[in-house]
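See below for the structure under consideration.
In this note's numbering, the protein residues as written are 915 to 1356.
Written out as structure tokens, the structure is:
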């Protein structure tokens, strides 16, 4: 989608709105911004039919939150007996996004019909008597007992996965969705290959759920150009762009060592404050015009878990360029060790790294087994929840999900250089002698 087209689309929409506004009196103009049926795209309006679950799978900025909030407002204003559950990954997100956010319930409600948010009770009361209650998916048992006529579930793709909290929250919700004659639930989320999202997609096949799909660019006329540029830069060249921008579900490759759900379960928003050791691992390229140079930073936490901190990999770089990238990463993270695979270039690798920084703590490692054989014990650490990802690393994670049991690679690019560097780093921290317990002075 070109910039000229985006400009034309924005101009056309603005012109149509101006023409409509010019034909209205002042009272109608004040009400116009709250006529969602006139402003919304068709994909943001509830589908026709006797559905029970409406799943909106959309890229970032598609307008999912606004669609969910407007659906709740429509239900509340048309049914004074409505009892609506509002569920997010946490109570703070339910409040900051679903209720008080820029596209939340309060923002989309007309001033003369503004609901009251009773923060201490986590309840919203509408003027006609309808009510909505906030819940957290981190507390599945809080939905055991309450009854509802409708529900809006936001970003179920990021609901807590540990102890099956996401699916337990959903099951408890459905058990209590029994008020009124037509109980329904709307779900808004960026697609992620987690069990609950996959379960709802399976229900689409038998008519149990209706699915609306959409891209970030569907809402381009209402999004800043800088945002569109930023997400393209962040996810360019990765399969994850199909998920975060196009709103597609990325399915796991059969036989892969890592699954998308496994990586989502390992996700943390922020890094820890202190680490026992930090390693920068390097998988040097065979040439400056071929594969990438994988450069991954991993820290060993005080709790014994490996924490992936950064993906500093660089493509199409000369030896002095990728060596400088390694030195900069080691300085930034105050690394205790730089682990570099020596199969490509041998002593030359160490010489190049020391030319970039003479005091770089380099350790050369030699691959005696294939990439997948080295990766298998590391994948086992993910299964036992001993590795965390401190942020999103789309290109690294695409490669990880392309490593197959049996030795093949089915991911993007010719070689999983980033994933190989990750494996070297975790091997050094978790399986090396330095990972053994030691007595430290008080």
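All residues carry an ideal CB built from backbone N, CA and C; glycine is no exception.
DSSP places residue 933 in the helix class (H, G or I) of the three-state scheme. The DSSP assignment places 997-1002 as complete runs of the beta strand (DSSP E) inside the region 969-1005, in order along the chain (cut-off: 3 residues). The continuous alpha helix (DSSP H) containing residue 1086 extends over residues 1079-1090. A distance below 7 Å between beta-carbons, with the five flanking residues on each side excluded, links residue 1074 to the following residues of its chain, in chain order: 1003, 1051, 1052 and 1080. Pairing residue 1160 with residue 1273, the inter-Cα distance amounts to about 45 Å.
With contact defined as three or more Cβ pairs closer than 8 Å, the region 952-972 and the region 1086-1100 are in contact. With distances taken between CA atoms, residue 1001 lies nearest to 1071 out of 1155, 1071, 1131 and 1135. Per DSSP, the unbroken alpha helix (DSSP H) holding residue 1332 starts and ends at 1331-1340. Take residue 1031, set aside five residues on each side of it, and the residues of its chain with a beta-carbon closer than 7 Å to its own are 1013, 1020 and 1038, in chain order.
Considered as a whole, the region 1039-1069 harbours 1045-1050 and 1064-1068 as its complete beta strand (DSSP E) runs of no fewer than 3 residues, in chain order.
By the Cβ-count criterion, residue 1169 is exposed, with fewer than 16 other Cβ atoms from all chains shown falling within 10 Å of its own Cβ. Residue 1132 and residue 976 have their alpha carbons spaced roughly 6 Å apart. Secondary-structure assignment with DSSP links residue 1306 through no beta bridge to anything. The region 1313-1331 makes contact with the region 1165-1180, as at least three CB pairs between them are under 8 Å. Shortest Cα-Cα distance from residue 1219 to any of 1345, 1243 and 1113 involves 1345. In this structure, the alpha-carbon of residue 1143 lies about 43 Å from that of residue 1042.
Residue 1225 carries a strand assignment under DSSP once its states are collapsed to helix, strand and coil. In the three-state DSSP reduction, residue 1273 falls in the coil class, being neither helix nor strand. The beta carbon of residue 1267 is closer than 8 Å to those of 1196, 1237, 1240, 1241, 1252, 1254, 1274 and 1276 in its chain, skipping five residues each way along the sequence. Minimum Cα-Cα distance from residue 1291 among the listed residues 1279, 1341 and 1008 corresponds to 1341.
For residue 1142, the enclosing alpha helix (DSSP H) has its first and last residue at 1139-1149. The C-beta of residue 1147 has fewer than 16 other C-beta atoms within 10 Å across all chains shown, which makes the residue exposed. Straight across, the Cα-Cα distance linking residue 1054 with residue 990 is about 24 Å. If you ignore the 5 residues before and after residue 1100, its C-beta comes within less than 6 Å of the C-beta of 968, 982, 985 and 1066, all in its own chain and listed in chain order. With a cutoff of 8 Å on beta-carbon distance, residue 997 and residue 1063 are scored as near each other.
Approximately 6 Å separates the beta-carbon atoms of residue 1104 and residue 1158; this is inside 8 Å, confirming the contact. In the three-state reduction of the DSSP assignment, residue 1251 falls in the strand class, which pools E and B.
Distance from the CA atom of residue 1289 to the CA atom of residue 1324, rounded to whole angstroms, is 15 Å. Nearest to residue 1106 by alpha-carbon distance, out of 1046, 1090, 1035 and 974, is 974. Here residue 1140 is exposed. Its C-beta has fewer than 16 other C-beta atoms within 10 Å. Listed in chain order, the non-local C-beta contacts of residue 1336 below 6 Å within the same chain comprise 1210, local neighbours out to five positions each way being set aside. Per the C-alpha coordinates, the member of 953, 1023, 1069 and 1183 positioned closest to residue 1110 is 1069. Counting along the chain, the unbroken beta strand (DSSP E) around residue 1098 starts and ends at 1098-1103. When the beta-carbon positions are compared, residue 1060 and residue 1047 come within less than 8 Å of each other. In this chain, residue 1021 is not harboured by any beta strand (DSSP E); it is covered by the alpha helix (DSSP H) spanning 1019-1022. Residue 1182 sits away from residue 1108, with the two beta carbons spaced by 8 Å or more.
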